[in-house]
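Engineer:
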Amino acid sequence: MTQPVAAPTVRTTCPYCGVGCGVLATPDGQGGATIAGDTEHPANYGRLCSKGSALGETLSLENRLLHPEIDGTRVSWDAALDTVAKKLSAVAEEHGPDAIAFYLSGQLLTEDYYVANKLAKGFIGTPHVDTNSRLCMSSAVAAHRRAFGSDTVPGCYEDLDEADLIVLVGSNTAWCHPILFRRMADAKERRGTKFVVIDPRRTQTAQESDLFLGIRPGTDSALFSGLLVYLSDNGFRDRAFIESHTAGLDGALDRARQIAPNAAAVAVLTGVPEADVAAFYALFAGTRRVVTAFSQGVNQSAQGTDKGNSIINCHLITGRIGQPGAGPFSLTGQPNAMGGREVGGLANMLAAHMHFAPEEVDRVRRYWGAPRIITGEGMKAVALFEAVARGKIKALWVMGTNPLVSMPRADMIRDALKGLDLYVVSEAVSDSDTARGFGQTTVLLPAQAWGEKDGTVTNSERRISRQRRFLTSPGEARPDWAALADVGRRLGHGRAFAFDSAAAIFREHAGLSAYENNGTRDFDLGALTDISDAAYDVNLPVQWPIPKRSGPRGAPQGKARLFGDGRFYTFDQRARFVAVQPPALALAVSDEFPFVLNTGRVRDHWHTMTRTGKSQRLSAHRAVPFVEVHPDDAAAHRLTDGGIARLATEHGEAELEVMVTDTVVPGSLFMPMHWGGAFASKARVGALVRGMPDPVSGQPELKATPAAIAPVAYRARGFLLSRAQVALPEGWWWARAAITGGWGVQFATQDSSRAVALMMRGLIQSEALPGCELAEYADHARDRYRCAVYDGTRLVASLAYAPAGARPDWEAAKALFAAEEPETPERLALLSGRAATASAGPVVCACHGVGADAIAATIAGGAGSVEAVGAACKAGTNCGSCIPEIRKMLAGQTARAA
Ligand code: SF4
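Counting in full-length UniProt numbering, the sequence shown runs from 1 upward without gaps.
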């Protein structure tokens, strides 16, 4: 038999977070690939976090959308695109072009984004193009523009290596940007860099900090207003910088004094002890090299733009910007949120960092030769979907995102989509909540996935890297830009959409950035305007601006830092201090909804799990959707650790497993954002959150929604492990996770053990498990049932059911299920529920698959430090994002010993 030939290693970029790590992918010739970190990529120098290193486990074709469909029927690409073009024309004719909207994604490549934006804003003539980056960092964009006159990230990752103080605001960096956090940890080890963490939750990042400020939700701008006053009153102004390079300090300072005149007032507003406020202020003031990195905790807020500006104000008053180791730093969530900003993928931008000044509109019109250039902003995400609900939008094209899980008031959106004349979804997966039929005509277009597509992405430090293809596209999947260009041609714009490659699109995009620029705009890729196909193929990561000629604003080889010369992109080249609004403290908690619901990410999953959900390693750390509850609240509301709770807000409900923890403060709840309808029965975060938009940026509030919580008393708990996915009955609570050799579904049900036994007997007579044999253990008097299903000697499924207070051991059963053909002791163990051998416990280190029990045994055996644990069992020795958990286990052991 001929062996598959492995192809050469390809340099590409991780498709997850905004760190933008370089990846080496070596295809195995069978549709898979071996993954390693790229030692030459300046974002990660060879390191990958748990998500990045598990990329090879996510390449299967399971659940892939492989062919175009119209209303659930497979059609040809021609038929699908003809329908899209015809319906778009009909909607534009009948209702006007602004009845058409596009909802894009930070997962798209820059080239896809560019063509979508050009088609909509220049040729269809609709301004309503927004993106899921609205939910991610649009408040940072607005804060940058107010302060700098441009959406410019001033610094670079080397600043994190060179800082003496890193302030992390609303950022669980240890879990959400793990490789950057390792760089910070290295700096701490090398030069003693101090960490201050500001967050309502005591996150894993907070556990690694020198000072943790557990602020009340929404009070960040009070903390930084107080800091501005402190810096001003205690001799820390950089007078020369303020005088020569800024404007507006007096107004900003007056407002800051009204909000937070001193540390005592800040303590009252934020709930942080006054001594800790004072310690933070003294540390910030006394450290020249300080980076303030902020992320979703700042941005996903009804006052996110003000929060961003209150941080930037403190860097401007001290002149700490654009200098080695100093500056405000927005950490972007998505792999190409920055690329989307560059092409104009946000509704309030036009293209290439240009907006809607008449000369900008005219410039873009001329460059594109656009017949229907838009002249003003479109609707931002929240307003856009509200317009769908009101019937103002008649055609919607969603690309590479899952708004029915992630958008606020997602249930309202699901209902609203039914009123569309045309609903187009460009997707790589077939079972995302968003890719189900909704509109009167629903067209699904199969998109290339990571590893198949080819183009560029930009990371948090303005570094453009290549995502390269190393796999053949399955089925009829195509690049998103190609589908868009085909529609453009069908609409009669052949010349403008005559792209034949990603490189050709990139050249046009670079050309627009440089067009009539002359150093007046920050975003300039002039040096890449004429890049050849060959050079594009081998192009190395580079930080913009990259103008054609070197000058004060950039160099052809790229530029790591901006604003070091004190020149900004405002009309007078001065940065602006911004007078921010007082924090809105009167959060509408009530007797009905007495809690504040916070949302965020877990360590090993990405967005709505369409990719990470395929990896058993990544699904092992957190296998079910959960809600974190403080012990006092758990006691008061009869919630038990591991029990199920119903979480309700004004907008919707979810049922989640309770995690009792003091990482949240009393009155607060936290739930993750990842579980959609494909992975859990009722855990869509978007269905619950309020989503009040920030008045400047339009970014919705996702961190503070009034909520109620109550226990749900299910009769029994259990799990079903199977080689292929098996659907559970309506009305059961369930959560699905990839496991070694198949899928595991943990469930809760009101059904009796007798009913479940009948269900299993029905399954082996159905198409789900046809012709298989059932081995059973039943004790219906005690409401217990276990079974294993065999196809010959092959174990194909196993179920365990027990009363809710006596949950079967999921970890032990998963370990048994890993063997396709178990021996007699393992067969017996599946039915007895007793482990044949000790399991390693719930996974802590996803990179090396090391469980909590194994780490505990290592610690009990004498390993007294993170390093010793790593040496003994490898836990924590790859990406390090489990180190906070290992440290916590070590501290627990020390406390017990004491
Ligand atoms: Fe990917 Fe992890 Fe790097 Fe983010 S930190 S880009 S998820 S490897």
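Idealized CB from N, CA, C, for every residue including glycine.
Given a threshold of 16 other Cβ atoms within 10 Å of its Cβ, counted over all protein chains shown, does Q300 qualify as buried or as exposed?
Structural biologist: For the purposes of this step, residue 300 is taken as the residue at position 300 of the sequence shown. Classification for Q300: buried.
Engineer: Determine the direct distance from the alpha carbon of R507 to that of E342, and round the result to whole angstroms.
Structural biologist: Your numbering for residue 342 matches position 342 in the sequence shown. Your numbering for residue 507 matches position 507 in the sequence shown. Roughly 14 Å between the two C-alpha positions.
Engineer: What is the DSSP secondary structure of P552, counted as helix, strand or coil?
Structural biologist: Within the sequence shown, the letter at position 552 stands for residue 552. Caution applies to P552, whose pLDDT of 49 falls short of 50 and renders its modelled position unreliable; the value that the coordinates give is listed next. Reduced to three states, the DSSP call for P552 is coil.
Engineer: Does the Cβ of L160 lie closer than 7 Å to at least one heavy atom of the ligand SF4?
Structural biologist: Here residue 160 refers to the residue found at position 160 when the sequence shown is read from its first residue. No - the ligand SF4 has no heavy atom lying nearer than 7 Å to the Cβ of L160.
Engineer: R257 to A265, Cα distance in whole Å?
Structural biologist: Taking the sequence shown and counting its residues from 1, the one referred to as residue 257 is at position 257. Taking the sequence shown and counting its residues from 1, the one referred to as residue 265 is at position 265. When rounded, the distance between both Cα atoms is 10 Å.
Engineer: The ligand SF4 and A878: does the residue's C-beta get closer than 7 Å to at least one heavy atom of that ligand?
Structural biologist: One-based indexing of the sequence shown puts residue 878 at position 878. Note on identity: in this sequence residue 878 is Asn, with Ala being the wrong assignment. No, the Cβ of N878 stays beyond 7 Å of every heavy atom of the ligand SF4.
Engineer: Out of A142, P154 and R145, which one is the CA nearest neighbour of G566?
Structural biologist: Counted from its first residue, the sequence shown places residue 566 at position 566. Nearest of A142, P154 and R145 to G566, Cα basis: P154.
Engineer: Report buried or exposed for R11, applying the criterion of at least 16 other Cβ atoms within 10 angstroms of its Cβ.
Structural biologist: Stepping through the sequence shown from its first residue, residue 11 is reached at position 11. Buried.
Engineer: Looking at the strands, I want to know which residues DSSP matches up with W743.
Structural biologist: Position 743 of the sequence shown, counted from the start, is the residue given in the question as residue 743. DSSP, once it has assigned bridges, lists S722 and A738 as partnering W743.
Engineer: Determine the burial state of C879: buried for a count of at least 16 other Cβ atoms within 10 Å of its Cβ, exposed for fewer.
Structural biologist: In the sequence shown, counting from the first residue as 1, residue 879 sits at position 879. Its Cβ being crowded by 16 or more others within 10 Å, C879 is buried.
Engineer: Would you give the residue range spanned by the beta strand (DSSP E) that M399 belongs to?
Structural biologist: Along the sequence shown, one-based indexing puts residue 399 at 399. Segment A395 to M399, the beta strand (DSSP E) holding M399.
Engineer: Would you mind giving the Cβ-Cβ distance between L728 and V745, rounded to the nearest angstrom? I have them listed as a contact below 8 Å.
Structural biologist: Start at 1 with the first residue of the sequence shown, and residue 728 comes out as number 728. Start at 1 with the first residue of the sequence shown, and residue 745 comes out as number 745. Contact holds; Cβ gap of about 6 Å.
Engineer: Are L597 and T649 closer than 8 Å when you measure CB to CB?
Structural biologist: Reading the sequence shown from its first residue, position 597 is the one you call residue 597. Reading the sequence shown from its first residue, position 649 is the one you call residue 649. Contact: yes.
Engineer: By Cβ distance, which residues of its chain are closer than 8 Å to L211, with the 5 residues on each side in sequence left out?
Structural biologist: What you label residue 211 is simply residue 211 of the sequence shown in a count that begins at 1. Within the same chain, L211 has close Cβ partners K194, F195, V196, V197, D276, A279, F280 and L283.
Engineer: Can you confirm whether the stretch 651-668 touches the stretch 378-396 when touching is taken to mean that 3 or more C-beta pairs between the two stretches lie within less than 8 Å?
Structural biologist: no
Engineer: Starting from the C-beta of Y16, find all residues in its chain whose C-beta is less than 7 Å away, skip the five residues before and the five after it, and write them out in chain order.
Structural biologist: Taking the first residue of the sequence shown as 1, we reach residue 16 at position 16. Around Y16: K51, G52, P335 and W606.
Engineer: Any idea which residues DSSP pairs M659 with across the strands?
Structural biologist: Position 659 of the sequence shown holds residue 659. Answer is E628.
Engineer: Go through the stretch 435-491 residue by residue and report every complete run of the beta strand (DSSP E) that reaches 3 residues or more, in order.
Structural biologist: 442-446, 455-458 and 463-467
Engineer: State yes or no: is the C-beta of L417 within less than 8 Å of the C-beta of T441?
Structural biologist: Numbered from its first residue, the sequence shown carries residue 417 at position 417. Numbered from its first residue, the sequence shown carries residue 441 at position 441. Going by C-beta atoms, L417 is not nearer than 8 Å to T441.
Engineer: Give the single residue among N172, N348, V580 and D161 whose Cα lies nearest to the Cα of D186.
Structural biologist: Numbered from its first residue, the sequence shown carries residue 186 at position 186. Nearest C-alpha to D186 among N172, N348, V580 and D161: D161.
Engineer: Is N336 near the ligand SF4, in the sense that its beta carbon is under 7 Å from a heavy atom of that ligand?
Structural biologist: Your numbering for residue 336 matches position 336 in the sequence shown. No, the Cβ of N336 stays beyond 7 Å of every heavy atom of the ligand SF4.
Engineer: Measure the alpha-carbon distance for I35 versus S465 and round it to whole angstroms.
Structural biologist: In the sequence shown, the residue the question calls residue 35 occupies position 35. In the sequence shown, the residue the question calls residue 465 occupies position 465. Taking the straight line joining both Cα atoms gives about 17 Å.
Engineer: Does the stretch 428-435 come into contact with the stretch 123-140, if we say contact requires no fewer than three beta-carbon pairs (one atom in each stretch) closer than 8 Å?
Structural biologist: no
Engineer: For W544, which three-state DSSP category applies?
Structural biologist: Residue mapping note: residue 544 aligns to position 544 of the sequence shown, counting from 1. It is coil, neither helix nor strand.
Engineer: DSSP beta-bridge partners for Y801?
Structural biologist: As a first step, residue 801 must be located in the sequence shown, where it is residue number 801. DSSP, once it has assigned bridges, lists G718 and Y785 as partnering Y801.
Engineer: How big is the Cα-Cα spacing for S406 and I644?
Structural biologist: Residue 406 sits at position 406 when you count from the first residue of the sequence shown. Residue 644 sits at position 644 when you count from the first residue of the sequence shown. The straight-line gap from Cα to Cα measures roughly 22 Å.
Engineer: Is I166 helix, strand or coil when you go by DSSP?
Structural biologist: To locate residue 166, count along the sequence shown from 1; it is residue 166. Strand at I166.
Engineer: Between the stretch 165-185 and the stretch 840-856, are three or more C-beta pairs nearer than 8 Å?
Structural biologist: no
Engineer: Take T824 and list the residues in its own chain whose beta-carbon comes closer than 7 Å to its own, dropping the five residues that flank it on each side.
Structural biologist: Mapped onto the sequence shown, residue 824 falls at position 824. Taken in chain order, the list of residues that qualify is empty.
Engineer: Should the stretch 71-89 be regarded as contacting the stretch 101-116, the criterion being three or more beta carbon pairs within less than 8 Å?
Structural biologist: Three or more beta-carbon pairs separated by less than 8 Å are not found between the stretch 71-89 and the stretch 101-116, which leaves the two stretches without contact.
Engineer: Taking the alpha-carbon positions, what's the I546 to G29 distance?
Structural biologist: As a position in the sequence shown, residue 546 is number 546, starting the count at 1. As a position in the sequence shown, residue 29 is number 29, starting the count at 1. About 37 Å.
Engineer: Counting only the same chain and skipping the five closest in sequence on each side, list residues whose C-beta sits under 6 Å from that of P700.
Structural biologist: As a working mapping, residue 700 is identified with position 700 in the sequence shown. Closer than 6 Å at Cβ, skipping near neighbours: V382, P408, G691 and P693.
Engineer: Taking 7 Å as the cut-off, is the C-beta of Y16 nearer than that to any heavy atom in the ligand SF4?
Structural biologist: Here residue 16 refers to the residue found at position 16 of the sequence shown. If you check the C-beta of Y16 against the ligand SF4, you find a heavy atom less than 7 Å away.
Engineer: Would DSSP call Q334 helix, strand or coil?
Structural biologist: Here residue 334 refers to the residue found at position 334 when the sequence shown is read from its first residue. The answer is coil: DSSP assigns Q334 none of H, G, I, E or B.
Engineer: If we ignore side chains and look at the alpha-carbon of each, how far apart do R638 and S590 end up?
Structural biologist: Your numbering for residue 638 matches position 638 in the sequence shown. Your numbering for residue 590 matches position 590 in the sequence shown. C-alpha separation (whole angstroms): 20 Å.
Engineer: Reducing DSSP to helix, strand and coil, say where A7 ends up.
Structural biologist: Here residue 7 refers to the residue found at position 7 of the sequence shown. In the three-state DSSP reduction, A7 falls in the coil class, being neither helix nor strand.
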